[in-house]
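In the numbering used here, the protein residues as written are 2 to 177.
Glycine residues also receive a C-beta, built at the ideal position from the N, C-alpha and C atoms.
All values reported here derive from a predicted model rather than from experimental measurement.
Below you'll find the structure, written out as structure tokens, and then a few comments.
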Amino acid sequence: MIVRLISTLILAWMIGFLWFAFALPQPAGDQQTDAVIVPTGSAGRIPHGLEILDEGLAGQMLVTGVDPEVKPAEFAAQFDVSRRDMNCCVTLGFAAVDTRSNAQETAEWVAAREITSLRLVTADWHMRRAAHELELVLPANVTIVRDAVQTELQLKGLFLEYNKLLASWLSGLFDF
């Protein structure tokens, strides 16, 4: 009986991993949202978030998880962001250190601005967990549009992220 249970769990884990690895989230379309949220991390996220802002698909942008050593002027210079956009539309969040605290920082920022729709821009392999963590802390009336930045990730990275996603789901189920 125990052997069957363990075999079933291993098989379920393997099928889930195959789904996770081969059905990665895709970029979103041109849907309008109140804001774009970009957790720091892999390449391409911040430039894509700024494109969304420049195209007028969102009016505000939060970059969450910015290193406290980064100065707004340095950020603006690195990503060629105008002073006007930095003053009106781009917020750098320095409080987050991981995906869960990215979600908490985002929830506080969203609540302070009465935002009802946001576009989450993160890596394809990170999207499911980042969106899940946001869903746990945002009010139900906030719509999340998933806009994945396509990446080339190694098998080891996919394996690690899949297990983190499972842990996130379990912690959400059991609230620990």
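**OP:** Could you name the residues that DSSP lists as bridge partners for Asp125?
**Re:** Answer by DSSP bridge pairing: none, since Asp125 is not bridged.
Original post:
Counting along the chain, where does the beta strand (DSSP E) carrying Leu63 start and finish?
Top reply: Gln61 to Thr65
**OP:** Give the straight-line distance between the Cα atoms of Phe160 and Arg130, rounded to the nearest whole angstrom.
**Re:** 13 Å
**OP:** Would you mind listing the beta strand (DSSP E) stretches within the stretch 19-69 that are 3+ residues and don't spill past its ends, in chain order?
**Re:** 36-40 and 61-65
Subject >> Gln32 to Gly57 span [Cα, whole Å] >> reply: 10 Å
Original post:
Buried or exposed: Asn103, going by 16 or more other Cβ atoms within 10 Å of its Cβ?
Top reply: buried
Original post:
Rounded to whole angstroms, how far is the Cβ of Thr107 from the Cβ of Leu135, which I believe are closer than 8 Å?
Top reply: 6 Å
Original post:
How do the stretch 9-21 and the stretch 79-92 stand: do at least 3 beta-carbon pairs fall below 8 Å, yes or no?
Top reply: no
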